[in-house]
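Each residue of the sequence shown is one higher than the one before, counting from 0 in numbering that gives the first Met the number 0. We put the beta carbon where it would ideally sit given N, CA and C, even for glycine. Reading through the structure tokens given below for one structure.
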Amino acid sequence: MEPLAVSGAPEGRRRTTSRSYCEGLGLVLLKRLSDAERDGDRIYCVIHDVLSNHDGSEGKHGYVVPATAGQLRLLSEIYARTQYDRNRIFYVEAHGTGTQVGDPIEANSIGEFFQRSPFDPPLLIGSVKSNIGHTEATAGIASLIKAIMCMKHRAIPPNMHFKEYNSKIEVDQFNLHVVQTITLFPPINSDGEKPHPIAFGISSFGIAGNNSHAIIEEYHPKQKSINTNGHIKGKLLQQHSLFIFSTKSSESLYKQVMSFNEWLKQIEPQKDECSFLARISQQLLLKRTISYEHLAIFVSANCAQLQQQLDLFLQKQSTPGLLVTKRILSSCPRICFVFSGQGPQWWAMCRELYSSEPIFCQWIQRINQELIKINGGEFNLLHEMMEKTEQESRINDTNIAQPALFAVQVALAALLVSWHIFPSAIVSHSAGEQAAAFISGRVSLNEAVHIVYNRSRLQHRNTRQDGRMLAVAMNEQEVRDLLLKGIEHLVCVAAVNSPRSLTLSGDEKIIDELEGILETLHPTVFKARLRIENAFHSHQMDRFGIKEELLSTLGYIRGFPLENTQEMFNVRCAQVPLYSSVTGGRIDDKTPLNAHHWWSNVRQCVRFGDAIAAIVQDGVVDAFLELSPHPVLGTSIHECYEKASTIQPVILPTLKRKEDEQKTLLTSIAQLSYSLDVWKPYLESRCVQPNKDVEHLFDNFPLYAFNLTPCWYESKESAIERLAYRLPLHPLLGVRQWTDHTSAIWKSLINLNLPEHAYLSQHKMQDDILLPATGFLEMALAACRQLLPMTNNDETPPPIAFRQIEFIKALALTERELTEVITQIVMPMREWLIYSRPWSEAGSNCQRSAGMACNDFIDSFVDLQTLNTYSLRQFTLHARGQIDIGPHLNIHASLACRFSNEKTANWYDLNIPNLYDHLFTRGYQYGPSFKMVTSVKTTNSEVTGRVTLVNDEQNDIRYHLHPLIIDSCFHTFLSIVPGIETFLPVAIDKMIVYGSTCHLSQLVIHGSYHSFLAGLSQERAHTLDVAIYNSDDEMIQSNTKPLVIFQMFKIQRISTCWTPSDKSIFQKINEIVHLPNGDYNDHIQAVLSKFCQQKKWSTLFNHFTRTVDLLPSSNTLIDETEKLEIETINNDNDNVKNQLADSVEPLNALAGMYALQALQHLASLENIQLIVEDKLRHLVRDDEPYFIRLFEAAFSLVHQHGLVDECGNITMTVTNHSIRLIHKNFVNRFPRLKSFVTLMNV
């Protein structure tokens, strides 16, 4: 395309453009000014108005010639309709075609309209066409971009190629001036007056008579009302900055942070460091997508700290203020505000937030002022919280602790709401209901402070009055049956926080005794004293006039939803459902939170677990945010969800004791929300605002770091043929059979006499050598790896998943025979199967005894009947599974089991020798090579353990997942399966492999059973989820990818029983009792029938399966003959023998107390007051002689130990609690008999 002839200059170079023809493309981003200011965008200029018209026929001298009349009409209209002062125009960017016809018409039209006299500043004109040429339809946008750059640099560049004015342009008349040198903008006013922004006009026209004009202005940001130097009221606020990086993969996340780190290091140190960090935070929070799955969150006080955090992230190390995690929820979650009760307070809590967050500070001060009005100056809450030292602090006193917690919780809620983080539900625990009632709009601030003051003041009367509280990890029914029966008037269940967690409250002496009983008789049960010198929610609240005065002082409070919005904390918060730990459910609008409710809040059991169960059932939230100085309810919420839901929520703290408060709070908020509705008000609340003087530094701010991978296509046939002979021979998989079938086949011979297979002989179950199930998985994995294209040494092979794995029949091995194992992959890699052929009999339908020939082709290798047709030896299918391969499996890594050190700190530590002794009694006869477990911690259904490699055999680089190592990992989970039966794996729903065991030194195992394990299970199978990590630290970070995960790993009890015969009774009992899940009551007969070698022991204990059953007298229990037999069995343990002999009398005294309980129970059946043998004999069954003997033995014991006098009067009060105290003292005196007595005590 050539330009029209009339447009060109005769010498080939125009004064504004060359004859060389060009085209262009220009892009600018337009946005409403208010939106751009709201979003913190970089604003180059403001377009005040744009208008266009057409010349028409008025004053037209040709189709391609512009008309003065049309251009003047356009200029008059645009400046008139906007009432814009034309004298403010500093410069006009003209169309400037550079022709003898067009330039004078345009220039004179501009001069005639603006009418600059010789006494006015000249009107500056120019055209970008002298720089880039005429770009046709892009000419107008090119002029706009030039004007934008002029605004940015506050200068106008010279017009190129200008030599002299066209004689037809009335330059002097209109005072026009073509810019010939760099021309700077006038300086911005520095006298405090509001500056006028520089204004430009941009003119453009088309070859057919179209005209356009735009008025643009320099942008001057609005002045912030808040001080921007970090000071408020003369006080310097040390606010941290938040930086979030978010990507779709961990690889991209690493690259993203690395590119940011490189960008940051290239920038010179800034004078205003805080403003610079604020600008970076704004860029990341508002200009980058932060909703992707993989997150790196940095909270830094200054540039040096940020740089240190970045360096440690790139070194894959952790540090305070750095969190690498994943978003569990794909959308912004519905959040439940959780207000904790008394307990998490500490002397220096919230001092950092008080000094850094103005809104938090204002609410603390406001509540303090309200409290001073009520308490008459009794104490100053602000002084107690912010000024006292640890030694001076009274923060644990009830009358200080509860108001302080209330103030902290309300201030936290106010801070969150100011950032537009609103709750979708509200729940509280005990004293936390005071803050919850105010936040939810049920009481005003004045009423809430009255409640807090009077509740804490009255409860404080009971402080240091011999009351204590004890947290126990047991369910409510267990505690009432095992610990509280008979002492309910002394100790109460104060709170039920979850199905496995509650708090006891009552008299200090009894609490001490219960703690000792749990420590001795239930060492695996978690228990902890609360840092409270009071007995809340117990009978002790009924004294000192607490109830009467509370009802009196709070009688005026209605407790219905507030109608006056001015009294509400927040209107939106008042509309969300409120769940009460008093009622254990949702509070409707008709239920008042009046004085009687608050007395119930003081006295009744806290039903927090029920409240969470109601939230789960209603399905109103996805995440929980605990508003508390320290998180204390997260574990309970998790346990509630484990029982009621298959989905675990996000549970985050706002603060943690003795940790940087800003880092904890901002890290949690960053995980909860990625909405601009949150981050915009958050950034606006920062006292240090972004520095606009550094905008040019962000021109090169890193963009998204894509995870680039080469796309190399190669057919599977080519890859297999190319790589097959380069692969080392796998010890178990064997040799690839090259056939043309639709399956890939490998064959191997298992020979236990060969060094590479000898370790398998140490895997014995009930005296049989079995190939480990992990051996089948390793063969299938090795086959898949051989079929996949080989990766470089520094590349991670793709994850492989096996689904619907079935272990159909165990493969027994012997040292006398070889076993042929066949591994088959059904192409294209959709299923694997593993067969064996022992060297014994042929198949019943064998057609060719010599086996299959090379010219025999069959359709399927799956059908056993077809395979056996061509085999001299019978084929047996042992295992099979489906195959899935690809990077999409990486998403499952984030769902793997992970337990924090904090969670496992109080788990039960298993003794490793005891563990393997116990497994031996169950039939697992592992040899030394398989005993790799070095530590195990357990609960009733969760396990974490460590496996350590100690020799080269365990680190054979030819294996991907060495059967020795992975099999050892599962030993940790067998430790908490109740009973003494043997379990074998039968199925796995999904197994995903991310790595290899090569070159590893230690592995960490985390996992949990799908059902709560207690007692000897009546089910024949258990299922569990397992994650195995390569780590030297049991603290698995949220971004740690597991080596392999197993989902729904199913183990099943085999029908045959196996009984070892080379251990004494005391060894056998000890191995059962010292494991955490011993429910001895239900299955004590089965335990003893397998463990006791002597009939008299079995007969003796068969009667003692309930508490009311009795022990016989000492003469029956241990006569001289039995002592001799025990001595024979335990001739290697004199200590046990001596303790057993010395324990006879104390044991009989304990039996006497059990006997008295049994006789009291009999007497109560007919309301008999006296324990007289003749009056009770008719209640005893007479169809079995031993019932009568037991009845007589019981009377003998109670009379022998003086528990009942001759008249039948009870001389000593016997309760379950007193019996357990004696039991505890007995165990402490005779520790070697603990296992034995534990079984008897059932």
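Per DSSP, cross-strand counterpart(s) of residue i
{"i": "GLN1051", "result": "LEU983 and ALA1020"}
{"i": "ASN52", "result": "ASN210"}
{"i": "MET468", "result": "SER504"}
{"i": "CYS491", "result": "SER504"}
{"i": "ASN1029", "result": "LEU1002"}
{"i": "GLY340", "result": "Answer is none; GLY340 lacks a bridge partner."}
{"i": "PRO652", "result": "GLU625"}
{"i": "GLY944", "result": "VAL935 and ILE1004"}
For residue i, the three-state DSSP class (helix, strand or coil)
{"i": "SER202", "result": "strand"}
{"i": "GLN307", "result": "helix"}
{"i": "ARG528", "result": "strand"}
{"i": "MET990", "result": "strand"}
{"i": "PRO1230", "result": "helix"}
{"i": "CYS639", "result": "helix"}
{"i": "LEU731", "result": "coil"}
{"i": "THR1252", "result": "In the structure displayed, the chain extends from 0 to 1241; residue 1252 sits before or after that span and is not available."}
{"i": "ASN593", "result": "coil"}
{"i": "VAL935", "result": "strand"}
{"i": "CYS331", "result": "coil"}
{"i": "SER614", "result": "Here residue 614 is Ile; the residue named in the question, Ser, does not match the sequence. Reduced to three states, the DSSP call for ILE614 is helix."}
{"i": "ASN496", "result": "strand"}
{"i": "ALA534", "result": "coil"}
{"i": "GLY608", "result": "helix"}
{"i": "ALA424", "result": "strand"}
{"i": "ALA743", "result": "strand"}
Proximal residues to residue i (C-beta, below 6 Å), its chain only, five neighbours per side dropped
{"i": "ASN209", "result": "HIS53"}
{"i": "PHE113", "result": "ARG85 and LEU122"}
{"i": "ALA643", "result": "ALA612 and VAL615"}
{"i": "MET990", "result": "PHE801 and PHE1045"}
{"i": "ARG1228", "result": "none"}
{"i": "GLU980", "result": "ARG1052"}
Cut-off 8 Å between Cβ atoms - residues of its own chain near residue i, not counting five sequence neighbours on either side
{"i": "LEU73", "result": "LEU50, SER51, ASN52, ASN210, SER211 and HIS212"}
{"i": "PHE153", "result": "What sits at residue 153 in the sequence shown is Arg, not Phe. Excluding sequence neighbours, ARG153 sits near LEU183, PHE184, ILE197 and GLU217."}
{"i": "HIS538", "result": "HIS488, LEU489, CYS491 and GLY505"}
{"i": "ASP310", "result": "ASN260"}
{"i": "MET150", "result": "TYR43, CYS44, ILE197, PHE199, ILE215, GLU217 and TYR218"}
{"i": "ARG735", "result": "ALA723, ALA743, ILE744, TRP745 and GLN785"}
Same chain only: Cβ atoms within 7 Å of residue i, ignoring 5 sequence neighbours per side
{"i": "ASN474", "result": "PRO498 and ARG499"}
{"i": "VAL64", "result": "VAL100"}
{"i": "GLU814", "result": "LEU751, ASN752 and SER760"}
{"i": "GLN179", "result": "PRO157, ASN158 and PHE161"}
{"i": "LYS1248", "result": "Because the chain in this structure spans residues 0 to 1241, residue 1248 falls outside the shown range and cannot be described."}
{"i": "LYS1223", "result": "GLY515, ILE516, THR519 and LEU520"}
Are the segment 1041-1051 and the segment 747-765 touching, with three or more C-beta to C-beta distances below 8 Å? The segment 1041-1051 is not in contact with the segment 747-765.
Any chance the segment 959-972 sits against the segment 897-907, with 3 or more Cβ pairs inside 8 Å? Because the criterion of three Cβ pairs below 8 Å is not met, the segment 959-972 and the segment 897-907 do not touch.
With contact counted as at least three CB pairs below 8 Å, one residue from each stretch, are the segment 608-618 and the segment 565-575 in contact? Fewer than three Cβ pairs drawn from the segment 608-618 and the segment 565-575 lie within less than 8 Å of each other, which leaves the two stretches out of contact.
Continuous alpha helix (DSSP H) assignments of at least 4 residues falling wholly in the segment 765-792: Counting whole runs of 4 or more residues, the segment 765-792 contains the alpha helix (DSSP H) stretches 772-786.
Across the segment 434-451 and the segment 363-374, are there enough close Cβ pairs to call them in contact, namely three or more that are closer than 8 Å? The segment 434-451, when compared against the segment 363-374, does touch it at the 8 Å Cβ threshold.
Per the contact definition of three or more C-beta pairs closer than 8 Å, is the segment 455-465 in contact with the segment 642-653? Verdict: no, contact absent.
Jot down the residue ranges of each uninterrupted alpha helix (DSSP H) in the segment 135-174, minimum 4 residues, whole runs only, in chain order. As far as the segment 135-174 is concerned, its whole alpha helix (DSSP H) runs of at least 4 residues are 138-152 and 170-173.
Unbroken beta strand (DSSP E) runs of length 3 or more, entirely within the segment 25-85: which are they? Entirely contained in the segment 25-85, the beta strand (DSSP E) runs reaching 3 residues are, in chain order, 44-53.
For the segment 690-703 and the segment 925-935, state whether three or more C-beta atom pairs, one from each stretch, are separated by less than 8 Å. Counting Cβ pairs under 8 Å, fewer than three are found: no touch.
Tell me whether the segment 585-599 and the segment 545-558 touch, counting them as touching only if at least three CB pairs, one residue from each stretch, are closer than 8 Å. Touching, yes, given that three or more Cβ pairs across the two stretches are closer than 8 Å.
Pair every Cβ in the segment 508-527 with every Cβ in the segment 653-668, then say whether three or more of these pairs are closer than 8 Å. Short answer: they don't touch.
Say whether the segment 432-442 touches the segment 352-366, bearing in mind that this needs 3 or more beta-carbon pairs closer than 8 Å, one atom from each stretch. Verdict: no, contact absent.
If you pair each beta-carbon of the segment 526-542 with each one of the segment 460-468, do three or more pairs fall below 8 Å? Yes, since at least three Cβ pairs between the segment 526-542 and the segment 460-468 fall closer than 8 Å, the two stretches touch.
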